[in-house]
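Here's the structure we're looking at; comments come further down.
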Amino acid sequence: MTKIAVLGYGTVGSGVVEVIQTNRDLINQKTGDSLEIKYILDLKEFPGSPIEKLIVHDFEEIVNDEEIKVVVEVMGGVEPAYTFVKRSLLAGKNVATSNKALVAKHGAELLAIAKEKNLNFLFEASVGGGIPIIRPLNTSLSADDIEEITGILNGTTNYMLSKMYHEDADYDAVLKEAQMMGYAERDPSADVDGHDACRKIAILSSLICGKQVEFEDIYAEGITDITLQDMQYAKAMGMKIKLLATCRKNGERLGAVVAPCLLGKKHPLYNVEDVFNAIFIKGNMLGDAMFYGSGAGKLPTASAVVADVIEAAKYPRQSMMTVWSEEKMVLEDKSERENRFFVRVKGTEALKEELEQTFGEITVIKPEGVEGEFGFVTSVMKEGDFERGAEKYPQIQKMLRVKE
Ligand code: HSE
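In this note's numbering, the protein residues as written are 681 to 1084.
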């Protein structure tokens, strides 16, 4: 029997209990052993609940119990999760977590401790919720040099942008709706400002370059400035606006950015709608691959956590290989990154000739019904060159990167 402790009985923690209960026979069969939840750590009591007797309030009880072989950390946030996870590993316990903030900040260090101790620190659910992506990168795709990952990694913003596009609902209305549906928090900034997607792409970036990519070094823009007028332009161009988190190798360098982008119809991420997430991968041997599914939610996320628990229970003393050192990866400056740029400008198309002298050949976009302004798309150019050119035009009101 493998005894486990769950740290946190919130949405994901209660999901972990539900997954283990619902699929008990199947899980035990796959583990080759039976899983038993011995403790659930939470500040609250849960009187009358079937898990009432499992609740403890003191982490010491868990870390000092030699019977506990796997600790499931689903509390969220960096502290006290970091202290609890580190102490669990140092005490010889495997750890499975869904906590992207913890993994993005301390993943390399916690993996090194796990390796040293011949244990596993597993974090499948930290990116893409229920979508398998961490294990595929570490195993199935290990023969490839992964050159690019582009993902829709935040369900809340994808839901909001989908509603704005398809239902012509404005930003404030869709935010309220996302909050009512339970997708967005009362303080939605982690999602709408791009911080959540940024931590997730930092984890994926670290895994593809094998070094520590700090999320603070990644340029991140959210969706708060996206308007229905932007959607009108997107429709006129046969494109959609999606919050994309991208990392791309450029020789020895790595560029990473989170920003709302115009996405062309041919891109595999174009049809990813509502709360769904998807991760597009380009490998030097594999070519293109895409992983799609539920990127959040109680049961999908818990399913990924429990799969990690099964893995840890099957191989309790065998550290799985994950190349992610604490050496810091210096990211390519965003001014070096090449893109086509979509720009909205006040005024009339009479400005085209002058704009072409600055930006080179441009394509003008004029959606039906839009007055007093127009849009244009540049050819591929460096972001630094675009920014220098744009400084000359106070008429510019909006820029979005274009991904085809
Ligand atoms: N707030 C996140 C999202 C949840 O909307 O995708 C999963 O990290």
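Just so it is clear, CB atoms sit at the ideal spot from N, CA and C, and this is done for glycine as well.
Open item on the list: Comparing C-alpha positions only, which one of 796, 943, 1011 and 732 sits nearest to residue 774?
Closed with: Closest by alpha carbon: 796.
Open item on the list: Between which residues of its own chain and residue 899 is the CB-CB distance below 6 Å, once the five residues before and five after are set aside?
Closed with: Excluding sequence neighbours, residue 899 sits near 937 and 1014.
Task: Validate contact between the segment 1034-1041 and the segment 1065-1080 using beta carbons, cut 8 Å, 3 pairs - done: Yes, since at least three Cβ pairs between the segment 1034-1041 and the segment 1065-1080 fall closer than 8 Å, the two stretches touch.
Task: Cβ-based neighbour list, residue 944, same chain, cut-off 6 Å, excluding 5 preceding and 5 following - done: The residues are 919 and 1084.
TODO: Out of 1045, 1054 and 986, state which residue places its alpha-carbon closest to the alpha-carbon of residue 698.
DONE: For residue 698, the closest of 1045, 1054 and 986 by C-alpha to C-alpha distance is 986.
Open item on the list: I need the straight-line Cα distance from residue 956 to residue 1078, nearest angstrom please.
Closed with: Taken atom to atom, the span from the alpha-carbon of residue 956 to that of residue 1078 is near 27 Å.
Open item on the list: Rounded to whole angstroms, what is the Cα-Cα separation between residue 715 and residue 994?
Closed with: Cα-Cα distance, rounded: 11 Å.
Task: N-terminal and C-terminal residue of the alpha helix (DSSP H) that residue 789 is part of - done: Element bounds for residue 789: 780-796.
Open item on the list: Our contact map puts residue 682 next to residue 724 with C-beta atoms below 8 Å; I'd like the distance itself, whole angstroms only.
Closed with: Actually they are not in contact, since the Cβ atoms of residue 682 and residue 724 sit about 26 Å apart, beyond 8 Å.
Open item on the list: Between which two residues does the alpha helix (DSSP H) holding residue 629 run?
Closed with: Since the first residue of the chain shown is 681 and the last is 1084, residue 629 is not available in this structure.
Open item on the list: Using a Cβ-based criterion (distance less than 7 Å to any ligand heavy atom), does residue 862 qualify as near ligand 1?
Closed with: Result no, Cβ not under 7 Å from ligand 1.
TODO: Can you tell me which of the three DSSP states residue 840 falls into?
DONE: When DSSP states are grouped into helix, strand and coil, residue 840 belongs to the helix group.
Task: Own chain partners of residue 974 with C-beta closer than 6 Å, once the 5 adjacent residues on each side are dropped - done: Around residue 974, the same chain offers 809, 810 and 980 as residues with beta carbons nearer than 6 Å, after the five sequence neighbours per side are excluded.
Task: Short Cβ contact (8 Å threshold) for residue 1082 with residue 1020 - done: In this structure, residue 1082 sits near residue 1020, with a CB-CB distance shorter than 8 Å.
- [ ] Round the Cβ separation of residue 966 and residue 832 to the nearest angstrom and send it over; I've been treating them as touching at under 8 Å.
- [x] With 8 Å as the limit, residue 966 and residue 832 do not qualify as a contact, their Cβ atoms being about 20 Å apart.
- [ ] Give the C-beta separation of residue 688 and residue 758 to the nearest angstrom, bearing in mind that I take them to be a contact with Cβ-Cβ under 8 Å.
- [x] Not confirmed; about 14 Å, so no contact.
TODO: In the DSSP assignment, find the unbroken beta strand (DSSP E) run with residue 970 in it and report its ends.
DONE: Per DSSP, residue 970 belongs to the beta strand (DSSP E) from 967-974.
TODO: Give the range of the alpha helix (DSSP H) segment to which residue 800 is assigned.
DONE: Careful: residue 800 lies outside any alpha helix (DSSP H) and carries neither H nor E.
Task: beta strand (DSSP E) segment containing residue 957, residue limits - done: Unbroken beta strand (DSSP E) run through residue 957: 956-963.
Open item on the list: What I want to know is whether the C-beta of residue 843 ends up closer than 7 Å to one or more non-hydrogen atoms of ligand 1.
Closed with: No, the Cβ of residue 843 stays beyond 7 Å of every heavy atom of ligand 1.
TODO: Can you tell me which of the three DSSP states residue 808 falls into?
DONE: In the displayed model, residue 808 falls within coil according to three-state DSSP, outside both helix and strand.
Open item on the list: Based on DSSP bridge pairs, tell me the residues matched to residue 1078.
Closed with: Under DSSP, the beta-bridge partners assigned to residue 1078 are 1024.
Open item on the list: Checking the sheet assignment: what are the DSSP bridge partners for residue 919?
Closed with: Bridge partners of residue 919: 944.
Open item on the list: For a test of the three-state rule: what should DSSP assign to residue 938, helix, strand or coil?
Closed with: Of the three classes helix, strand and coil, the one that applies to residue 938 here is strand, per DSSP.
TODO: Please work out which residues of its chain come closer than 8 Å, Cβ to Cβ, to residue 1067, disregarding the five sequence neighbours upstream and downstream, and give them in chain order.
DONE: The answer, listed in chain order, is 1015.
Task: Helix, strand or coil at residue 933 according to DSSP, with G and I counted as helix - done: Strand, per DSSP.
TODO: Entirely within the segment 735-761 and at least 3 residues each: give me those beta strand (DSSP E) ranges in chain order.
DONE: As far as the segment 735-761 is concerned, its whole beta strand (DSSP E) runs of at least 3 residues are 748-753.
TODO: Specify, as a first and last residue, the run of the alpha helix (DSSP H) that residue 1048 falls within.
DONE: Here residue 1048 belongs to no alpha helix (DSSP H), and DSSP marks it neither H nor E.
- [ ] Could you pull out every residue in the same chain whose Cβ sits closer than 6 Å to the Cβ of residue 903, ignoring the five residues on either side in sequence?
- [x] By the criterion of a C-beta distance shorter than 6 Å, residue 903 is surrounded in its chain by 837, 872, 923 and 940, once the five residues flanking it on both sides are discounted.
Open item on the list: Helix, strand or coil, according to DSSP, for residue 900 in the structure here?
Closed with: In the three-state reduction of the DSSP assignment, residue 900 falls in the strand class.
Task: Option in 771, 824, 815 and 978 with minimal Cα separation from residue 700 - done: For residue 700, the closest C-alpha among the options 771, 824, 815 and 978 is that of 978.
TODO: Take the Cβ of residue 1030 as the centre, count every other Cβ of all protein chains shown within 10 Å, and call the residue buried at 16 or more, exposed below.
DONE: Exposed, because fewer than 16 other Cβ atoms sit within 10 Å of the Cβ of residue 1030.
- [ ] Check whether the Cβ atoms of residue 804 and residue 984 sit closer than 8 Å, and answer yes or no.
- [x] Yes, the Cβ-Cβ distance between residue 804 and residue 984 is below 8 Å.
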